[in-house]
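UniProt numbering puts the first residue of the sequence shown at 1, with every later residue one more than the last. Don't be surprised by glycine CBs; every beta carbon is placed ideally from N, CA and C.
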Amino acid sequence: MARPVVAIVGRPNVGKSTIFNRLIGDRLAIVEDKPGITRDRIYGSAEWNGKAFSVIDTGGIEIDGDDMILKSIRMQAELAIEEADVIVFMCDAKTGVTQSDEEVAQILFRSGKPVILSVNKVDNLKRADDIYEFYSLGFGDPVGISGSHGTGIGDLLDVVVENLPELEDDEYDEDVIRVALIGRPNVGKSSLVNAILGEERVIVSDVAGTTRDAIDTPFEKDGQRYVLIDTAGMRKRGKVYETTEKYSVMRAMRAIERADVVLVLINGEEGIIEQDKHIAGYAYEAGKASLFVVNKWDMVEKDDKTMQQFEKKIRDHFLFMTYAPVVFLSAKTKQRLQKLLPVVKHVADQHSLRVQTHLLNDVISDAIAINPPPTDKGRRLRINYSTQVAVKPPTMVVFVNDPELMHFSYERYLENKIRAAFDFEGTPIRIFTRRKSDES
């Protein structure tokens, strides 16, 4: 189910990114470092009182063009209005109400979205009295917080959760494969949707960012039912979306959350850029089945080694997704298009594959026999047994004598052995190490 979105907006230097990190807590620290994932973030996940939601840090959005502060914060406010279900309007108790705050307030007030006014840097009792002048902004009771000390964050979260909308569950049956198309502007997402469907259901333009809203398109092929989730592009009004590449990550995240399989589109004509790694990294961290789709392949000058060389570039740039297959095609000419859906079906099957416990333990036992765990300060890791505890993505728990003895390189070795035995092509595998006494 898609989660509601909370955006943090405000003028520069009010502590938006600090509060963003406070709201998402240490969830990002749980994700192990994988080579190649770009780590600067504007989008994270949070949970409070049993309610999960996504958080956008507009302070992490880089605005191109001139450095006019008012122009920059207006753009950020427009982004928040566009994407968010609830907006946290951040101000600074040290400086009081500024012209920039009033500018943001006017934009947010006209949006009709729930706006929670939060005043940061309330670091002591004396400064607590400074929040009262912020009533003049017209958003009711300000919530005083301190990003540096962490005080008031619980109060802020309480108000946020009270204002979250109840989003309905997807109405699709379990056997329907939900496919999200993600990628930076102008990689051909809408054209690929039309090519798959064989009809013009989505407006296509050569101008980057003309798709207006996320569109679900159900269809059936060879007895398998699918839903294509075409990520919304950038709206025509204003230049903010054309000048903010990270905006595409926000839209991609909402589609990724609802998907079973994620198609990471790459422009074969232009090649791989850093933004492609940003977007693919979110698909990995969401634990979704994924494949790379190199579009516009008809526009590439080729010889008998071009495809092999391009795939090697993908492997070099996306070291954290070596499991993801690569499909080369042209949405425009429909060249190699017939190869796509069989791969989508295959990785969806692998994503939901469950391995019997005795077979999993046989593979791990063989792996240990071939390459025993290394010692650490005279102590050796002892693996007792393993079991799969979840699918989508396949998640294994390995019970050992001491989890701290499990080195990441040996965990990767076990993952490779599991993949060699059971395939799992196109899906990440999660492996958690637990002390044997944790079995209960």
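Three-state secondary structure (DSSP) of ALA7
Working through the sequence shown from its first residue, we reach residue 7 at position 7. ALA7: strand per DSSP, three-state reduction.
Under the DSSP definition of a beta bridge, which residues are partnered with ALA289?
Taking the sequence shown and counting its residues from 1, the one referred to as residue 289 is at position 289. BP columns for ALA289 point to VAL261.
In chain order, what residues of the same chain have a beta carbon less than 7 angstroms from the beta carbon of ALA128, not counting five sequence neighbours either side?
Working through the sequence shown from its first residue, we reach residue 128 at position 128. Closer than 7 angstroms at the Cβ level, and outside the excluded window around ALA128, lie VAL122, GLY144.
Alpha carbon to alpha carbon, how far is LYS113 from residue 442? Give it in angstroms, no decimals.
Past the boundaries of the shown model lies residue 442; the chain is included only from 1 to 440, so the question cannot be answered.
How is LEU353 classed by DSSP in three states: helix, strand or coil?
In the sequence shown, the residue the question calls residue 353 occupies position 353. Three-state DSSP puts LEU353 in coil, outside helix and strand.
For the putative contact between GLY183 and ILE266, defined by C-beta atoms under 8 angstroms, what is the C-beta separation to the nearest angstrom?
The sequence position of residue 183 within the sequence shown is 183, counting from 1. The sequence position of residue 266 within the sequence shown is 266, counting from 1. Yes, they are in contact, since the Cβ atoms of GLY183 and ILE266 sit about 7 angstroms apart, within 8 angstroms.
Report buried or exposed for ALA80, applying the criterion of at least 16 other Cβ atoms within 10 angstroms of its Cβ.
One-based indexing of the sequence shown puts residue 80 at position 80. With 16 or more other Cβ atoms within 10 Å, it is buried.
The beta strand (DSSP E) spanning SER118 covers which residue range?
Residue mapping note: residue 118 aligns to position 118 of the sequence shown, counting from 1. Unbroken beta strand (DSSP E) run through SER118: 115-120.
Tell me which residue opens and which closes the beta strand (DSSP E) that ILE153 is part of.
Numbered from its first residue, the sequence shown carries residue 153 at position 153. Unbroken run through ILE153 is the alpha helix (DSSP H), 153-163; no beta strand (DSSP E).
Mind checking which residues open and close the beta strand (DSSP E) that includes GLU47?
Here residue 47 corresponds to residue number 47 of the sequence shown, with the count starting at 1. Element bounds for GLU47: 43-48.
By Cβ distance below 6 angstroms, which residues in the same chain neighbour PRO218 in space, the five residues on each side in sequence not counted?
Along the sequence shown, read from residue 1 onward, the residue named residue 218 stands at position 218. Counting only Cβ-Cβ distances below 6 angstroms, and skipping sequence neighbours, we find VAL227.
Where do the ends of the beta strand (DSSP E) carrying ARG435 lie?
Locating residue 435 in the sequence shown gives position 435, counting from the first residue. Here the beta strand (DSSP E) through ARG435 covers 430-435.
By how many angstroms is the C-alpha of ASP276 removed from the C-alpha of GLY209?
Position 209 of the sequence shown, counting from 1, holds the residue named residue 209. Position 276 of the sequence shown, counting from 1, holds the residue named residue 276. Reliability of the predicted coordinates at GLY209 is poor, the pLDDT of 46 falling under 50, and the value obtained from them is presented with this limitation in mind. Rounded to whole angstroms, GLY209 to ASP276 spans 16 angstroms at the Cα level.
Within the same chain, show all residues whose beta-carbon is closer than 6 angstroms to that of LYS392, passing over the 5 residues directly before and after it, in chain order.
The residue you call residue 392 lines up with position 392 of the sequence shown. Closer than 6 angstroms at the Cβ level, and outside the excluded window around LYS392, lie HIS351, SER352.
Backbone CA spacing between VAL347 and ILE42 [nearest angstrom]
Here residue 347 corresponds to residue number 347 of the sequence shown, with the count starting at 1. Here residue 42 corresponds to residue number 42 of the sequence shown, with the count starting at 1. Their Cα atoms are separated by approximately 28 angstroms.
Which value, in whole angstroms, describes the spacing of the CA atoms of ARG3 and ILE256?
Within the sequence shown, the letter at position 3 stands for residue 3. Within the sequence shown, the letter at position 256 stands for residue 256. Roughly 11 angstroms between the two C-alpha positions.
Quick check on ILE182: does DSSP put it in helix, strand or coil?
For the purposes of this step, residue 182 is taken as the residue at position 182 of the sequence shown. In this structure, ILE182 counts as strand in the three-state DSSP scheme.
First through last residue of the alpha helix (DSSP H) which encompasses MET307
Counting from one through the sequence shown, the residue named residue 307 turns up at place 307. That run of the alpha helix (DSSP H) goes 306-317.
Taking the C-alpha atoms as reference points, what is the distance between ASP298 and GLY268?
Your numbering for residue 298 matches position 298 in the sequence shown. Your numbering for residue 268 matches position 268 in the sequence shown. In a straight line, the C-alpha of ASP298 is about 9 angstroms away from that of GLY268.
Hey, quick one: how far does the alpha helix (DSSP H) through SER111 stretch, first residue to last?
Working through the sequence shown from its first residue, we reach residue 111 at position 111. It spans 99-111 - the alpha helix (DSSP H) in which SER111 sits, taken as one unbroken run.
Is ARG225 helix, strand or coil by DSSP?
If you number the sequence shown from 1, residue 225 lands on position 225. Here ARG225 sits in strand by DSSP.
In terms of residue numbering, what span does the beta strand (DSSP E) encompassing TYR413 cover?
Reading the sequence shown from its first residue, position 413 is the one you call residue 413. Counting along the chain, TYR413 falls outside any beta strand (DSSP E), though it belongs to the alpha helix (DSSP H) covering 408-422.
Going by C-alpha to C-alpha distance, which of PRO342, THR427, ILE229 sits closest to MET321?
Sequence index remark: in the sequence shown, residue 321 carries index 321 (1-based). It is THR427 whose Cα lies nearest to the Cα of MET321.
Could you say if the region 307-316 and the region 375-395 meet the contact criterion of at least three C-beta pairs nearer than 8 angstroms?
no
Using CA coordinates, which residue listed in PHE422, VAL159, ASP260, LEU263 is at the minimum distance from PRO142?
For the purposes of this step, residue 142 is taken as the residue at position 142 of the sequence shown. Nearest option by C-alpha distance: VAL159.
Express the C-alpha separation of VAL264 and ASP216 in angstroms, rounding to a whole number.
For the purposes of this step, residue 216 is taken as residue 216 along the sequence shown, with counting starting at 1. For the purposes of this step, residue 264 is taken as residue 264 along the sequence shown, with counting starting at 1. Going by the C-alpha atoms only, they are around 17 angstroms apart.
Exposed or buried, PHE292, counting other C-beta atoms within 10 Å across all chains shown (16 or more means buried)?
Taking the first residue of the sequence shown as position 1, residue 292 is located at position 292. By the 10 Å Cβ count, PHE292 comes out buried.
Sort out for me which residues DSSP pairs residue 481 with in a bridge.
Nothing about residue 481 can be reported from this structure: the residues present for the chain run from 1 to 440 only.
Could you tell me the distance, in whole angstroms, from the CA atom of PHE408 to the CA atom of PRO374?
Locating residue 408 in the sequence shown gives position 408, where the first residue counts as 1. Locating residue 374 in the sequence shown gives position 374, where the first residue counts as 1. Distance between the alpha carbons of PHE408 and PRO374: 12 angstroms.
Helix, strand or coil for GLY144? Go by DSSP, reduced to three states.
Taking the first residue of the sequence shown as position 1, residue 144 is located at position 144. GLY144: strand per DSSP, three-state reduction.
Excluding the five sequence neighbours on either side, which residues of its own chain have a C-beta within less than 8 angstroms of the C-beta of ILE24, listed in chain order?
Indexing the sequence shown from 1 puts residue 24 at position 24. So the list reads GLY44, SER45, ALA46, VAL55, once near-sequence residues are dropped.
Taking 9 angstroms as the cut-off, decide whether the C-beta atoms of GLY150 and LEU117 are in contact.
Position 150 of the sequence shown, counted from the first residue, corresponds to residue 150. Position 117 of the sequence shown, counted from the first residue, corresponds to residue 117. No, the Cβ-Cβ distance between GLY150 and LEU117 is not below 9 angstroms.
Residue closest to VAL187, alpha-carbon to alpha-carbon, out of ILE273, LEU197, LYS126:
Numbered from its first residue, the sequence shown carries residue 187 at position 187. Among ILE273, LEU197, LYS126, the Cα nearest to that of VAL187 belongs to ILE273.
Going by DSSP in three states, THR387 sits in which element: helix, strand or coil?
Counted from its first residue, the sequence shown places residue 387 at position 387. Looking at THR387 - three-state DSSP - the assignment turns out to be strand.
So that I know if they touch, is there some Cβ in chain D lying closer than 9 angstroms to that of ASP423?
Absent from the structure is chain D; it holds one protein chain and no more.
Exposure of GLY50, with buried meaning 16 or more beta-carbon neighbours within 10 Å:
Residue mapping note: residue 50 aligns to position 50 of the sequence shown, counting from 1. It is exposed - the Cβ of GLY50 has fewer than 16 other Cβ atoms within 10 Å.
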